[in-house]
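> Each step along the sequence shown adds one to the number in the working numbering, with nothing skipped, and position 319 is 307.
Sharing a structure below in structure tokens format, with a few things to ask.
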Amino acid sequence: MNPVITLLFGTALIVLLYFFFVPNGGVLQLWRKIKKQSERELVEDALKFLYNSEYDGIQYSEESLCSTLSISAEQKNKLLTRLKELNLIKQENGKISLSAEGNSYALRIIRVHRLWEKYLADKTSVAETEWHNLAETKEHELDSEDANKLAAELGNPLHDPHGDPIPNEFGEIPARQGIKLTELEESKFGVIVHVEDEPKEVFAQLSAIGLFPGKQIHILKKNKDRIIFEADGNECVLATELTDNISLIPIREKEEIINSFLTLSNLKQGESAFVVELSNALRGLQRRRMLDFGIVPGAKITAQLKSLSGDPTAYEIRGTTIALRKNQSDHIYIKTA
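See below:
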């Protein structure tokens, strides 16, 4: 072989081996770091699955663990062995459950997840259908100190945008409240307190209808196949197989019920009203824009002029005229003067 080619080949091999094995920076070290991180994320995902199942009172099996984490039976066995070695789970009479350490670890992951969803909802314009997947990644990246700083920035919220309770820094978490939508009787009123965000396709459908925590509804008719209800003056139909994803609290106060469906879009030209609150559907940049307009509780607002098409409408608030479309004014609750 040509000596020059041999020299070049040898040099290239040495360089390659150096970059592969160099301490704290080689390809091998990078691969090990990625592998270790993937193993940690799998452990955390397993803890979160076990905690959520126990919290919701759902019976789970090793097979359901495999299905949820998309792992094989062999991987599952290795995972359970690792969880036992770390003292994160215990097994009694063939049943797996979280240990005290596992429960605490799971709550830390859930706290980060729900705080990040709250951050995305309040501080960004990210679509609600993307919150969960983005939080699934972020929950493995932030530690307890990061979570506490994020919570403080958000005002230490008690619930995420779906209505799930957020564990506090001490690992305390309240029980979920409310009844299923199917349990609310005909002609009764209720306010949504939780909308399940999985599966994503179902959540997207519920979001498209405009169902979210804080929304008040009136049951018009129900049978084994569907529920017909009113929300913000609009009639909606929902298949019963989707209703288990919605929890609500019944409303009994008459005055609260009467005011619950009056939105700015109901205001006729020349009429005035006072802002009661902004719907939870107005989030992030859109919500801040409304606040910048002066649309805050107690502010007086008057419908001045509707466009020829009927949308948008010009409103006067604090001496300034602004134009709002119906899909915006639908989410501003008012009380007539």
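Even for Gly, the Cβ is constructed at its ideal location relative to N, Cα and C.
For Lys326, report the span of its beta strand (DSSP E) as first-last.
There is no way to answer for residue 326, as the model of the chain reaches only from -11 to 325.
> Does DSSP classify Asn222 as helix, strand or coil?
Here Asn222 sits in strand by DSSP.
> Which residue from Phe177, Pro300, Glu186 puts its Cα closest to that of His206?
Nearest C-alpha to His206: Phe177.
> Taking Asn136 as the reference, which of Gly166, Ile97, Ile215, Thr69 has the closest Cα?
Per the Cα distances, Ile97.
> By Cβ distance below 7 Å, which residues in the same chain neighbour Leu172 in space, the five residues on each side in sequence not counted?
Only Gly178, Ile207, Leu236, Pro238 meet the Cβ criterion.
> Would you mind reading off the limits of the alpha helix (DSSP H) that contains Ser339?
Residue coverage of the chain in this structure runs from -11 to 325, which leaves residue 339 outside it and unanswerable.
> Rounded to the nearest angstrom, how far is the Cβ of Ile320 from that of Leu266, given a contact under 8 Å?
Going by Cβ atoms, the distance from Ile320 to Leu266 rounds to 6 Å, so yes, they are a contact pair.
> Specify whether the region 248 to 261 and the region 288 to 304 touch according to this definition: at least 3 beta carbon pairs, one from each stretch, less than 8 Å apart.
Taking 8 Å as the limit for Cβ pairs, the verdict is that the region 288 to 304 does touch the region 248 to 261.
> CA-CA distance, Gln204 and Lys210?
Those two C-alpha atoms are separated by around 17 Å.
> Inspect the CB distances between the region 108 to 118 and the region 54 to 66 and report whether three or more fall short of 8 Å.
No, the region 108 to 118 is not in contact with the region 54 to 66.
> Let me make sure I understand the geometry here. Which of Gln292, Leu108, Glu157, Val183 has the alpha-carbon closest to that of Lys126?
The residue with the shortest Cα to Cα distance from Lys126 is Leu108.
> Let me make sure I understand the geometry here. Which of Asp152, Met278, Asp110, Leu226 has the alpha-carbon closest to that of Tyr43?
Selected option, being the one with the closest Cα: Asp152.
> Tell me the rounded alpha-carbon separation between Ser92 and Ile289.
Cα to Cα, the separation comes out at about 49 Å.
> Take Ile310 as the anchor and find which of Met278, Ile322, Val114 has the nearest alpha-carbon.
That would be Met278, whose Cα lies nearest to the Cα of Ile310.
> State yes or no: is the C-beta of Asn233 within less than 8 Å of the C-beta of Glu189?
No; because the gap between Cβ atoms is not below 8 Å, this pair is not in contact.
> Determine whether the beta carbon atoms of Leu326 and Lys66 lie at a separation below 8 Å.
Nothing can be reported for residue 326, as the shown portion of the chain is limited to -11 through 325.
> Given Val225, which residues of its chain have a CB within under 7 Å of its CB, disregarding the five upstream and five downstream residues?
Cβ neighbours of Val225 beyond the five flanking positions: Arg214, Ile216.
> Are Pro201 and Ile180 closer than 8 Å when you measure CB to CB?
In this structure, Ile180 lies closer than 8 Å to Pro201 by Cβ.
> With distance defined between alpha-carbon atoms, name the residue in Pro145, Val264, Leu250, Ser87 nearest to Gly221.
Among Pro145, Val264, Leu250, Ser87, the Cα nearest to that of Gly221 is on Leu250.
> Using three-state DSSP, classify Ala163 as helix, strand or coil.
Ala163: coil per DSSP, three-state reduction.
> Check the DSSP bridge columns for Ala261 and list the partner residues they point to.
DSSP output for Ala261 lists Ile289, Thr324 as bridge partner(s).
> Scan the region 98 to 139 and note each continuous alpha helix (DSSP H) run of 4 residues or more that stays entirely inside, going in chain order.
Runs found: 116 to 126.
> Are the beta-carbon atoms belonging to Leu86 and Tyr39 less than 8 Å from one another?
Yes, Cβ-Cβ distance for Leu86 and Tyr39 is below 8 Å.
> When you compare only the Cα positions, how much space is there between Gln293 and Ser317?
Inspection of the sequence shows that residue 293 is occupied by Leu rather than by Gln. Distance between the alpha carbons of Leu293 and Ser317: 14 Å.
> Express the C-alpha separation of Glu80 and Gly198 in angstroms, rounding to a whole number.
When rounded, the distance between both Cα atoms is 44 Å.
> Alpha carbon to alpha carbon, what distance is there between His101 and Pro149?
Rounded to whole angstroms, Pro149 to His101 spans 11 Å at the Cα level.
> To which residues of the same chain is Gln17 closer than 6 Å at the C-beta, ignoring the five residues directly before and after it?
At Gln17 the pLDDT is 47, less than 50, meaning the model places this residue with poor confidence and gives no usable figure here.
> Is Ala123 buried or exposed, if buried means 16 or more other CB atoms sit within 10 Å of its CB?
Ala123 is buried by the Cβ-count criterion.
> Between Ser175 and Leu273, which are expected to be in contact by the criterion C-beta below 8 Å, what is the C-beta distance as a whole number of angstroms?
That belief does not hold up - the Cβ atoms of Ser175 and Leu273 are roughly 39 Å apart, past 8 Å.
> Less than 8 Å between C-beta atoms, sequence neighbours within five positions excluded: which residues of the same chain meet that for Thr231?
Closer than 8 Å at the Cβ level, and outside the excluded window around Thr231, lie Lys168, Leu169, Thr170, Ile215.
> Using the three-state DSSP reduction, which class does Phe191 fall into: helix, strand or coil?
In the structure shown, Phe191 sits in a helix (DSSP, three-state: H, G or I).
> Relative to the C-alpha of Ile322, which candidate in Arg70, Gly82, Ser295, Val284 has its C-alpha closest?
For the residues Arg70, Gly82, Ser295, Val284, the minimum Cα distance to Ile322 belongs to Val284.
> Taking 8 Å as the cut-off, decide whether the C-beta atoms of Gly159 and Leu95 are in contact.
Yes, Cβ-Cβ distance for Gly159 and Leu95 is below 8 Å.
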